[in-house]
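Residue numbers (the working numbering): -5 to 123.
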C-alpha cells in the first residue's frame, strides 16, 4: 500500500517503514487486549499499573502507526515520535514482564512490545543514515 501512494515519502527506506507500521499496529492491539485481560483477573488491583501502562503504550503505538502511514518527511517530529514509541514499548515490556510468570497475556504483551521497540529503533537507524 505504501508503494501505491502517488506521493511517496521523501525519505528512502526499505521494508523498515512497513515493518514498523505493522509492529506498531500489532502492539497497539496486543496492549489493549492485555489491559482487558488484566481487568478480568481476580487480583485486578495489583495490575493497575500494568493496565495503565498497556493503555498508554497502545495509544502511543496507534498514533505512531497513523503518522508513519502518512509521513512525507523524516523530520525531528517523526524521529521524536519513534523515540517516544520505543520508550513506551520498553516501559510496557518491563511492566508486563513482572507479571509474565502468572499471566500469559502479559508475557505475550511483553514480547509484542519488544518487537515494536526494535522496529522503531531499526527505522530510526535507517532515517539517521
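C-beta: ideal position from N, C-alpha, C; glycine also.
Small disclaimer: the values here were computed from a predicted structure and weren't measured.
Pair within 7 Å by beta-carbon distance, residue i and residue j
{"i": "residue 51", "j": "residue 25", "result": "yes"}
{"i": "residue 10", "j": "residue 117", "result": "yes"}
{"i": "residue 106", "j": "residue 100", "result": "no"}
{"i": "residue 18", "j": "residue 74", "result": "no"}
{"i": "residue 104", "j": "residue 91", "result": "yes"}
{"i": "residue 32", "j": "residue 113", "result": "no"}
Coil, strand or helix - residue i by DSSP
{"i": "residue 97", "result": "coil"}
{"i": "residue 123", "result": "coil"}
Residue environment, residue i, which counts as buried when at least 16 other CB atoms sit within 10 Å
{"i": "residue 96", "result": "exposed"}
{"i": "residue 47", "result": "buried"}
{"i": "residue 180", "result": "This structure cannot settle anything about residue 180, because the visible part of the chain is limited to -5 through 123."}
Extent of the continuous alpha helix (DSSP H) to which residue i belongs
{"i": "residue 126", "result": "Outside the shown range of the chain (-5 to 123) lies residue 126, about which nothing can therefore be said."}
{"i": "residue 33", "result": "10 to 33"}
{"i": "residue 134", "result": "What is shown of the chain runs -5 to 123, which leaves residue 134 out entirely."}
- State whether the region 64 to 80 contacts the region 22 to 38, with contact taken as three or more CB pairs (one from each stretch) at a distance under 8 Å. When Cβ pairs closer than 8 Å are counted between the two stretches, the region 64 to 80 is seen not to touch the region 22 to 38, the count staying below three.
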